[in-house]
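If you're matching positions, the sequence shown starts at 1 in full-length UniProt numbering and goes up one per residue. Cβ atoms here follow ideal geometry from the backbone N, Cα and C, with glycine treated the same way. Everything numeric in this text was worked out from a predicted model, so none of it was measured.
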Amino acid sequence: MSQELPGFIMCVCTGKCPGFQAMDIWDFINQVRIELPVEYAFIHPQLCEEDGDRFLADFLKAHRKVIIGACAPNMQRKMFKDAFKEAGLNIEEDAVMLDIRDMTNDQAFEVVEKKLEEMGYEV
């Protein structure tokens, strides 16, 4: 039986966050979805806003582990814990939160790749 692949969500804080200036987000997300063992990869403009809450509530119904590349994990935990709880998920077990701000594409890709290896996926 093969291991279910996680999804990858990138949140870019409206695309204007200075923390993402060194990165070409479109090249990065395409590299993640093509080269790494993820079921899918996509960008959301701002998960911490009300529409982000609605999106997560609907999206998490799939009950798939997700990797979120965005801001600091402690901020992600504060912002997304209710959505995970309402979906019957445990944010500590069902989400992998990565801070990929202030990185180039290569640096951020390496962080995601390393985390997937730690999770037991062959990259």
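Between isoleucine 68 and methionine 97, the CB-CB gap stays under 9 Å. Glycine 7 is bridged by DSSP to Tyr40 and Val66. Secondary structure note for valine 112: its alpha helix (DSSP H) is the uninterrupted segment 105–118.
Here alanine 108 really is in contact with phenylalanine 28; their C-beta atoms are around 6 Å apart, less than 8 Å. In the three-state reduction of the DSSP assignment, valine 96 falls in the strand class, which pools E and B. Our two residues, isoleucine 25 and glutamate 35, have alpha carbons roughly 15 Å apart in a direct line.
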